[in-house]
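By the count of numbering that gives the first Met the number 0, the sequence shown reaches residue 205 at its end, each step adding exactly one. Even for Gly, the Cβ is constructed at its ideal location relative to N, Cα and C.
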Amino acid sequence: MDSATTRAALAHLRRVDPVMARVIRHVGPFHLVPRRGNSHFHYLARAIVYQQLSGKAAGTIHGRFCALFPRGHAVPDRVLALSDEALRAAGLSRQKAAYLRDLAEKVHTGAVPLERVRHMSDDAIIDHLVQVKGVGRWTAQMFLMFRLGRPDVLPELDLGIQNAVQRAYGLRKRATPKDVARIGKAWSPYSSVASWYLWRFIDDGN
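Okay, here's the thing in structure tokens:
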């Protein structure tokens, strides 16, 4: 998101939601920078590797996985050509190896058209990505936000967002996905910016 979009987003969120305005004031400047390096496929493969692992362990396994490719850059054809033994030797579980192969196969055949995602709607991208084993709605939303920089993504299933909404809006219990969607309706078309602020808000110990 460029500076003009960010300014418009902050003005909108402050205008439509006094609670969000307080969150923005507390957190400070917005600085979400999409990850532009490597390819969309490499980004999604990394997301699969990192699932359900601590940062250090995931980083080690991901490093070994990248070492299997020329210049450390994962590509579908190469993933499909690797043996199960090679993937397991890198530290990947049998399940994650299967997820990576499924991702590679669907990208290779065009079932998941990563080369065209910039011209697709958010919903269309999610619909394609969740076809991949191991890629759910949350992972697809993170791809939209942190890879493509889409401005209007609301990850209602994210526990951090749910906890942040509970605290910021004074709910008695952790917000449900329906609560997040209801409260967050006013944030559109800048839900990604609101979500980023909620993550920072909860990270600050609020």
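Every candidate beta strand (DSSP E) stretch fails here, since none sits fully inside the segment 116-188 while reaching 3 residues. Around ILE182, the same chain offers VAL164, TYR168 as residues with beta carbons nearer than 7 Å, after the five sequence neighbours per side are excluded. Judged by DSSP in its simplified three-state form, GLN94 adopts helix. Taken in chain order, the complete alpha helix (DSSP H) segments of 4 or more residues contained in the segment 66-113 are 75-80, 83-88, 93-108. Around the beta-carbon of LYS55, fewer than 16 other beta-carbon atoms lie within 10 Å, marking it exposed. Judged by DSSP secondary structure, MET19 falls within the alpha helix (DSSP H) whose first and last residues are 17-26. The residue among ALA20, ARG6, PHE40, LYS172 with its C-alpha nearest the C-alpha of GLU104 is PHE40. Minimum Cα-Cα distance from VAL48 among the listed residues HIS11, GLY27, ARG87, VAL26 corresponds to ARG87. Of the other Cβ atoms in all chains shown, fewer than 16 fall within 10 Å of the Cβ of LYS177; this residue is therefore exposed. A straight line joining the alpha-carbon of PRO154 with that of VAL22 spans about 18 Å. In the DSSP assignment, ARG45 falls within the alpha helix (DSSP H) that extends over 39-49. In this model, ILE201 and SER120 are separated by some 29 Å (Cα to Cα). When only Cα atoms are considered, LEU67 and LEU128 end up about 24 Å apart. The shortest CA-to-CA distance from ILE124 to any of THR108, ALA80, ARG149, LEU170 is the one to ARG149.
Look at ASP203 here: in three-state DSSP terms it is coil, with no helix or strand label.
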